[in-house]
Each structure stands twice: as C-alpha cells, then as structure tokens.
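In case it helps, my numbering puts the sequence shown at residues 14 to 372.
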Amino acid sequence: MEKVLMRQTKDGPVPIFEGSVDAEIACEILDFDFPTERVSEIINIGPNPTLEQLQLGFKLMEMVIAFYTRMGYDYVTMAPIVPIPRTPRHVCENPQQQGLVRVWQEEGQGIVSSREEFEALPWPPLPGVNVLPLDHTARKIPPQMKMIAVILGIFEDLRSLLGIQQMAVKSVEDPEFVEAILEKLCLYNEAAVEKCAAHPAVGAVIYGDDLGFNRGTMMSPDWIRRCLIPRYKRMADACHRHGKPFLFHSCGQIDAIMEDLIETVGIDGRHSFQDNIEPVEQVYRKYGDRISILGGLDVDLLARGTEAQVRKRTRQTLEACAPGGGFCMGSGNSVTNFCKIENYFAMLDETRKWNEEHA
14 MEKVLMRQTK
24 DGPVPIFEGS
34 VDAEIACEIL
44 DFDFPTERVS
54 EIINIGPNPT
64 LEQLQLGFKL
74 MEMVIAFYTR
84 MGYDYVTMAP
94 IVPIPRTPRH
104 VCENPQQQGL
114 VRVWQEEGQG
124 IVSSREEFEA
134 LPWPPLPGVN
144 VLPLDHTARK
154 IPPQMKMIAV
164 ILGIFEDLRS
174 LLGIQQMAVK
184 SVEDPEFVEA
194 ILEKLCLYNE
204 AAVEKCAAHP
214 AVGAVIYGDD
224 LGFNRGTMMS
234 PDWIRRCLIP
244 RYKRMADACH
254 RHGKPFLFHS
264 CGQIDAIMED
274 LIETVGIDGR
284 HSFQDNIEPV
294 EQVYRKYGDR
304 ISILGGLDVD
314 LLARGTEAQV
324 RKRTRQTLEA
334 CAPGGGFCMG
344 SGNSVTNFCK
354 IENYFAMLDE
364 TRKWNEEHA
C-alpha cells in the first residue's frame with residue numbers, strides 16, 4: 014500500500030481504498046449494534062465529553078477497526094480529536110432514504126459573524142489536539158496494518174463557522190477577518206498533522222477539504238492560491254518531515270488548482286472523483302505519473318446501478334489505471350448510507366478477481 018501511495022512500484026496487487034464508510038453500511042455488514050444517528054456527535058466530540066459519549070466513542074472505534082480489518086484493507090482510518098467548533102445540520106427528511114441521517118453545512122449564518130464572537134469561542138490550547146483514538150487503535154490492529162489519519166479541512170471549517178453565504182460576503186468585505194479565521198484553524202490542523210504523522214502506527218495522512226462543485230471551485234482559484242495553498246503546504250511539510258505520504262481529498266472540479274496542489278503543496282495522492290465531472294481514467298492520464306490516484310467508482314453507480322454495471326465499471330477502471338501503478342480501487346468518494354451493499358461487495362470482488370488474473 015505504501016509503495017502504491019508513493020508511486021514506487023507498478024507490480025503487485027491493486028490495493029483497495031476508502032476514506033470513509035458510513036456507519037449504517039459498516040453496522041449492517043458486521044451485524045454491529047451502534048446508534049448511527051449519533052456518529053456526527055461523537056466525531057465532533059467537545060473537550061468535556063460525558064461518560065456516555067466516551068463509551069460511544071470507544072465503541073465507534075471498535076466498529077471501524079473491525080470493519081477495515083474484516084473487509085481486507087491494509088489500514089484503518091482514524092482521526093485525532095481536534096477541538097474546533099462546528100455546526101453541522103442533521104437532516105433526515107428525504108423519504109427515499111427511509112429516515113437515514115445525512116450531515117449538511119449551514120448555508121446562511123454560522124456561529125460567528127464578528128471578530129469578537131470568533132475570539133469568544135472556547136478555543137483550547139494547541140496541545141489540546143488529542144491522539145488518544147490513534148493510540149487506542151494502534152493497540153487493537155494487527156501488526157501488519159497501519160492507520161491513515163484523517164484531518165478535516167480549514168476551508169470546510171471556515172464555512173461551518175461563518176456559514177457559506179456569509180463566508181463569501183466576508184471574503185470580499187472583510188478579507189482580513191477571513192484570513193484570521195483561516196490562520197487560527199491552520200494552527201490547529203498543522204498541530205494535528207504533526208502529531209499524527211509522528212505516530213509510529215500511522216502510515217499516511219489524508220487531508221479532506223471540499224473545494225469544488227460540478228463545474229469548478231467554490232471560491233476563485235486566485236483566492237484559493239492566496240488563502241489556502243500556502244497553509245496546505247505547511248501541513249504537507251509537517252507530514253513529510255516524518256516521511257509519511259500526504260493525501261488530499263476534495264470533491265468537485267478542481268483542475269484549476271491541481272498544479273498548485275502537486276507542485277506547491279506537494280500532495281502525494283488525490284481522492285474523490287465523479288464521472289459527471291471527470292472520469293477517474295482521465296484524471297489518471299493527466300496526473301497519475303506524479304501522484305497516486307485513489308478510488309474512482311462513482312457513488313451514484315454504487316447507489317443506483319446494478320451489480321453487473323458495477324462489475325463492468327470496476328474492471329474498466331482497473332484496466333485503465335492499474336497497469337501504470339500508483340492506483341487504488343475504491344469508491345469515488347465514500348461508501349454512503351444510501352449505497353447498495355451488494356454493489357460495494359461487487360466492486361471488492363471484481364477487484365479481487367482482477368488481482369488474481371494479473372498476479
């Protein structure tokens with residue numbers, strides 16, 4: 014897996030990669046009992062959790078470890094506790110999803126609208142970044158496995174703190190305020206990356222910051238280059254100081270800043286692809302000689318396609334991307350709670366067959 018992430022080999026099997034598998038899917042596969050509607054609460058646990066929240070946190074870690082181990086992954090995803098205030102909205106009103114909960118960001122107003130409100134938030138000291146989940150997981154996983162540490166992005170947290178609409182307005186009317194928030198968030202994330210990359214059981218860090226939508230970046234490429242790229246580089250440098258790959262997740266069409274991510278930030282791999290934006294084969298042809306490409310099977314196909322369609326698309330993807338090395342098979346984003354489990358299994362099984370045929 015490490016050699017594939019760093020593009021150091023074209024030989025051997027194609028690993029499977031998932032940055033995230035929704036708890037509902039994992040629980041059903043494992044027959045594991047967990048209150049899945051509380052996952053977001055536990056992931057965003059505050060500095061003073063209740064005993065029940067701590068117990069649920071350990072149970073959630075148990076589920077994640079069991080899932081990645083049983084399903085044949087080379088690693089387990091795990092996140093440190095970074096105590097940044099967040100305001101996700103939990104929505105369960107889609108009748109087609111039978112009451113399943115999805116997490117959305119606030120569009121209008123976040124939790125701060127002024128410098129005073131921002132400074133008044135309960136910001137803990139930077140050593141408050143807690144790697145207890147990583148320490149616990151390291152004791153539980155088999156010796157041949159590693160962790161991929163998951164860090165949530167400063168742009169997403171900026172949107173969460175301000176709300177998307179207010180963030181856009183403030184970026185024009187009060188850019189210094191926006192920069193101050195980003196710098197504060199970056200300090201926490203830089204500390205988190207440093208602690209995670211230094212952990213002996215961590216094999217890589219994946220940094221997730223959704224920058225795009227179907228047709229382009231949410232903010233202008235120039236704004237991203239000015240406000241985000243230098244901070245991403247600080248985090249990548251913190252990871253590389255410990256010799257670990259720095260992987261980057263972003264949804265959306267981000268071609269306008271890919272050269273910045275590769276040449277300036279120094280990302281080692283990219284994750285998240287959609288066929289309606291750009292099929293993963295095209296992305297691989299453009300960038301696969303410089304960075305690893307992770308996943309790519311469209312989530313819409315996993316959710317609405319047939320098993321035969323999933324197998325065909327999986328094989329097409331492997332035929333196009335696997336021979337050149339630096340490719341992992343997996344979903345284009347994550348195995349969401351509205352994906353068909355039989356389609357997820359079909360993707361894994363077709364990858365297994367392809368690996369056996371090309372052993």
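From the three backbone atoms N, C-alpha and C, an ideal C-beta is built for every residue, glycine too.
Take residue i as the anchor and find which of the options has the nearest alpha-carbon.
i, options, result
"residue 272", "157, 291, 248, 238", "238"
"residue 193", "132, 162, 158, 227", "132"
"residue 96", "86, 130, 198", "198"
"residue 303", "281, 312, 319, 156", "281"
"residue 314", "92, 151, 187, 349", "349"
"residue 317", "357, 366, 343", "357"
"residue 216", "82, 236, 308, 88", "88"
"residue 18", "66, 161, 157", "161"
"residue 211", "228, 252, 183", "252"
"residue 44", "32, 75, 53", "75"
"residue 320", "126, 360, 156", "360"
"residue 159", "185, 228, 149", "149"
"residue 156", "277, 82, 69, 23", "82"
"residue 41", "79, 185, 15", "79"
"residue 15", "257, 309, 365", "257"
"residue 178", "122, 309, 164, 154", "122"
"residue 139", "231, 308, 200", "200"
"residue 92", "98, 145, 181, 54", "145"
"residue 137", "165, 153, 204", "204"
"residue 55", "325, 130, 69", "69"
"residue 208", "51, 185, 143, 247", "143"
"residue 295", "65, 245, 332, 29", "332"
"residue 126", "165, 86, 167, 186", "186"
"residue 77", "38, 324, 291", "38"
"residue 124", "60, 176, 330", "176"
"residue 181", "153, 167, 231", "231"
"residue 329", "351, 352, 363, 346", "363"
"residue 289", "240, 245, 229, 324", "229"
"residue 245", "268, 196, 370", "196"
Which word fits residue i, buried or exposed, when buried means at least 16 other C-beta atoms lie within 10 angstroms of its C-beta?
i, result
"residue 21", "exposed"
"residue 104", "Reliability fails at residue 104, whose pLDDT of 48 lies under 50, so the model's placement of it is uncertain and no value is given."
"residue 306", "buried"
"residue 354", "exposed"
"residue 147", "buried"
"residue 254", "exposed"
"residue 35", "buried"
"residue 311", "buried"
"residue 71", "exposed"
"residue 287", "buried"
"residue 108", "Model confidence at residue 108 stands at a pLDDT of 48, short of 50, so the residue's coordinates are unreliable; what they give is reported in the following sentence. Exposed."
"residue 233", "exposed"
"residue 63", "exposed"
"residue 344", "buried"
"residue 274", "buried"
"residue 30", "buried"
"residue 202", "buried"
"residue 23", "exposed"
"residue 85", "exposed"
Looking only at DSSP bridge pairs, what is residue i linked to?
i, result
"residue 282", "260, 305"
"residue 342", "29"
"residue 89", "160"
"residue 348", "34"
"residue 94", "143"
"residue 310", "344"
Any heavy atom of the ligand SAH inside 6 Å of the beta-carbon of residue i?
i, result
"residue 165", "For the structure depicted, the ligand SAH is absent and the ligand set is empty, with no information on it obtainable."
Counting only beta-carbon atoms, is residue i nearer than 7 Å to chain D?
i, result
"residue 308", "Of the protein chains in the structure, only one exists, and it is not chain D."
Should the segment 223-230 be called in touch with the segment 165-179, which here means at least 3 C-beta pairs below 8 Å?
Contact holds between the segment 223-230 and the segment 165-179, because three or more Cβ pairs, one in each stretch, are under 8 Å apart.
Report the start-end ranges of each beta strand (DSSP E) in the segment 115-158 that is 3 residues or longer and not cut off at the edges.
115-118
Fully enclosed by the segment 156-243, which beta strand (DSSP E) runs are 3 residues long or longer?
159-165, 215-221
Which runs of the alpha helix (DSSP H) spanning at least 4 residues fall entirely within the segment 29-69, listed in chain order?
36-43, 52-56
Stretch pair the segment 256-274 + the segment 200-220: three plus CB contacts closer than 8 Å:
Yes: the two stretches touch, three or more of their Cβ pairs being nearer than 8 Å.
Sufficient close CB pairs (3 or more, under 8 Å) joining the segment 287-302 to the segment 333-351
yes
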